[in-house]
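> Structure incoming, see below.
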Amino acid sequence: MRTAKPNPHAPLVAGIDFSAPSPQVARQLIGVTLLIDGVGGRIVETEAYDVGEGACHAFAGRNERNATLFGPPGHAYVYRSYGIHWCINFVCREEGHAAGVLIRALEPTHQLDRMRERRGLDEARLLCAGPGRVGQALGIDRSFDGMRLDAAPFSLLAPPRDRPPPAVVRGPRIGITKAAALPWRFGEKGSRFLSRRFAP
DNA sequence: CTAGTGATCCGCT
DNA sequence: GCGGATCACTAGA
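Note that the first sequence covers residues 74 to 273 in the working numbering.
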């Protein structure tokens, strides 16, 4: 059994090594449960970003907005999208190497009523099907930027080991124009809680 | 089903 | 000024 003791030098949360390359982390996060103050669900869709490719917020260098991406792994990077939505990434690699995984969709499992309140919507399928919707359903805002993922209000729960791991599919990332060919989007095969279908 | 559009912030060219 | 790692809503095929 692995200890849950916080240790910034071995950034393991829910059994995932956040110092690994972001596509590997993005793949492993499928099936992990993400809760904020006990509200959330199973991660069913992610995207990886890395400073070495043009779609990454850190591609053009460090600035005030993306500074957290350059920090230590195992922390939350929260940014404002299109001036309206809050989206959350998990920071990967190591201090100075900007990389992260965007949480694009959850299968709601915990405190759906709380998420319904925040989203003003009943249908479970649409509560967390997209990065902006995840942010709204979990009550994320700028104050979460830079928080560590191994302490309150965050909980990351590894997938149950007594069941087969989810089947994972991959494809090109959504909504970007640069480095659009990289297959760095990951999702649970057949999930009805994805932001969009994966091409067959 | 697809296509088009407005909302609204902020760092960059 | 420009343009996004988006969403909700509308109109039309």
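Glycine included, every Cβ here is placed at the ideal spot set by N, Cα and C.
Sort A93, G113, V241, A87 by Cα distance to P204 and report the nearest one.
Within the first sequence, residue 204 is the residue found at index 131, counting from 1. Ranking A93, G113, V241, A87 by Cα distance to P204 puts G113 first.
> Taking only the alpha-carbon atoms, compute the straight-line gap between L222 and H130 and give it to the nearest angstrom.
Residue mapping note: residue 222 aligns to position 149 of the first sequence, counting from 1. Residue mapping note: residue 130 aligns to position 57 of the first sequence, counting from 1. Their backbone Cα atoms lie some 20 Å apart in a straight line.
> I need the straight-line Cα distance from R206 to L200, nearest angstrom please.
For the purposes of this step, residue 206 is identified with residue 133 of the first sequence, where counting begins at 1. For the purposes of this step, residue 200 is identified with residue 127 of the first sequence, where counting begins at 1. One C-alpha to the other measures close to 6 Å.
> Considering N181, what are the terminal residues of the alpha helix (DSSP H) in which it resides?
Here residue 181 corresponds to residue number 108 of the first sequence, with the count starting at 1. At residue 181 the sequence reads Pro, which differs from the Asn that was named. First-last for P181: 172 to 183, but that is the beta strand (DSSP E), not the alpha helix (DSSP H).
> How far does the alpha helix (DSSP H) with V242 in it reach, from first residue to last?
Stepping through the first sequence from its first residue, residue 242 is reached at position 169. Here V242 belongs to no alpha helix (DSSP H); instead the beta strand (DSSP E) covers 241 to 244.
> Measure the Cβ-Cβ separation of T141 and G212 and say whether it is below 7 Å.
Walking along the first sequence from the start, residue 141 turns up at place 68. Walking along the first sequence from the start, residue 212 turns up at place 139. Against a cut-off of 7 Å, the Cβ pair of G212 and T141 comes out as no contact.
> Looking only at its chain, what residues have a beta carbon closer than 7 Å to the beta carbon of P96, apart from the 5 residues adjacent to it on each side?
Your numbering for residue 96 matches position 23 in the first sequence. Correct list, in chain order: A121, W257.
> Find the nearest neighbour of L230 within the set I247, V105, A93, judged by alpha-carbon distance.
Along the first sequence, one-based indexing puts residue 230 at 157. Nearest of I247, V105, A93 to L230, Cα basis: V105.
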